[in-house]
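Asks:
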Amino acid sequence: MRILGLSGGSINGNSEILLKVALKAAQEVSPDDTHISFVRIPDVSIPKHYRTDDIRFSNGAIEQVDDDPLVPDDRPFVLDLIMQADVIILSCPIYTRTIPGIVKHFQDKTMGPFQDTAMARLRQKSQPGDDQEKYDLLFKPRVAGLIAVGGAAGTDWTPFGLPVMHQMLFPMGVKVVSQFQIHGCGLPASVLLDSAAISRAQGLGKAVVSQAGKHDALFLGDQKGVCPLCHLNMIVIKSGNLIECATCGASGKLVASQDATGQHSVVANFDADGQKTSVLTESGKDIHLQEIIRIGSALRPQLPSLESQREEFKGLDDVWLAELPSKTHCK
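Quick note on full-length UniProt numbering: the sequence shown kicks off at 1 and runs consecutively.
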């Protein structure tokens with residue numbers, strides 16, 4: 001078994017401490033030959049890429065490029081660790097209500113559509129001679145645990161932590177089996193004073209190992225949430241009583257109910273058909289893939305007619321683009 005930790009915060013800060021607590025607990029219940037490692041995402045070197053062909057889409061690999069030899073590309077190394085992992089634990093602090101931008105930058109440059117299983121299956125069908133081992137590696141079952149750490153006392157300053165963290169892993173089909181949000185840890189290492197947080201991290205570490213390698217992995221988190229798929233509570237209110245899970249895209253309805261005591265309440269209901277639109281399902285990713293293909297087919301024939309307008313807007317760079325000091329220094 002291979003267990004990988006992904007640290008999105010400061011070195012040995014609160015989120016990294018909880019990550020290590022979870023990894024230690026995972027080690028305790030893992031086979032003796034288990035390999036454990038972790039990566040500090042802020043340390044991952046990512047060169048700027050202006051070319052469109054520098055990343056190979058959806059086959060579990062990234063093509064290194066030589067755009068900037070002064071900035072090495074760590075992404076292939078880190079992606080290989082992710083691909084080899086059976087268990088992934090991602091731990092991030094919350095800065096201004098969401099995870100650090102550098103973690104999102106890593107996600108956008110490395111994960112997302114580049115490792116999307118729906119796109120990979122389409123590519124596999126169209127190019128059956130491709131390396132099957134890479135596809136097998138991408139499609140293998142993986143489970144994950146998510147930890148978000150906030151300094152504020154309540155959820156008003158931490159709402160986008162776990163929802164955004166989900167976006168890192170769902171394209172690969174990674175099943176989140178445990179997750180939690182900690183509050184009130186605004187000073188370095190102060191999480192060590194929170195015995196409940198330590199206990200939850202230990203429980204998460206053991207939970208993810210218990211589900212490793214299972215295609216039908218169970219969610220073992222202590223808070224089930226209103227969405228039955230991502231188990232979070234962020235809901236988009238649409239027209240009428242229609243709703244959508246803001247984290248995973250499942251479709252549902254608000255339903256009024258009354259219990260035996262006569263107490264009225266409104267609950268979120270996500271039926272089987274509504275769950276098919278969730279990005280956590282292959283059907284949801286297939287729906288999006290077909291949408292991309294349809295939109296691309298409609299727009300592509302019209303693009304040549306836009307060249308002159310596009311060049312006009314490009315010309316405004318010479319008029320309005322502010323010259324950064326770093327660019328001036330390099331001249």
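Beta carbons are placed, not taken as given, at the ideal position from N, Cα and C, and that holds for glycine. Owing to the predicted nature of the structure, the values given are computational and were not obtained by experimental measurement.
From the DSSP output, in three-state form, read off A120 for me.
Replies: helix
Asks: Is it right to say T96 is buried, meaning 16 or more other beta carbons lie within 10 angstroms of its own, or is it exposed?
Replies: exposed
Asks: So what does DSSP say about H166, is it helix, strand or coil?
Replies: Judged by DSSP in its simplified three-state form, H166 adopts helix.
Asks: Give the secondary structure of G5 by DSSP, where H, G and I count as helix, E and B as strand, and everything else as coil.
Replies: Three-state result, G5: strand.
Asks: Quick one, which of G221, V319 and A268 has its alpha-carbon nearest V255's?
Replies: When each option's Cα is compared against that of V255, the closest is A268.
Asks: Could you have a look at I237 and say whether DSSP puts it in helix, strand or coil?
Replies: Three-state DSSP puts I237 in a strand.
Asks: Have a look at D80, A212, C245 and H288 and flag the residue whose alpha-carbon is nearest the alpha-carbon of G225.
Replies: C245
Asks: Flag this pair as yes or no: are the beta carbons of I88 and L204 separated by less than 8 Å?
Replies: no
Asks: From S257 to H264, what distance separates their C-alpha atoms?
Replies: Rounded to the nearest angstrom, the gap between the Cα atoms of S257 and H264 is 6 Å.
Asks: Report the rounded CA-to-CA distance for F106 versus I41, giving the unit in angstroms.
Replies: 7 Å
Asks: Give me the residue from N233, L303 and R142 with the minimum Cα distance to A217.
Replies: Minimum Cα distance to A217 is reached at R142.
Asks: Report yes if the C-beta distance between A144 and V174 is below 8 Å; otherwise report no.
Replies: yes
Asks: May I ask you to report which of helix, strand or coil DSSP gives K175?
Replies: strand
Asks: For A61 and A250, I'd like the C-alpha separation in whole angstroms.
Replies: Legend: pLDDT at A61 = 46, less than 50; position of this residue unreliable, value from coordinates given subsequently. Those two C-alpha atoms are separated by around 29 Å.
Asks: Starting from H105, follow the alpha helix (DSSP H) in both directions and report where the run begins and ends.
Replies: G101 to T110
Asks: Using 10 angstroms around the beta-carbon of R294, count the other beta-carbons present and answer buried if the total reaches 16, otherwise exposed.
Replies: Flag for R294 reads exposed.
Asks: For N241, count the other beta carbons within 10 Å of its own beta carbon; 16 or more makes it buried, fewer makes it exposed. Which is it?
Replies: exposed
Asks: On the CB-based measure, 16 or more other CB atoms within 10 Å of its CB, does S91 come out buried or exposed?
Replies: buried
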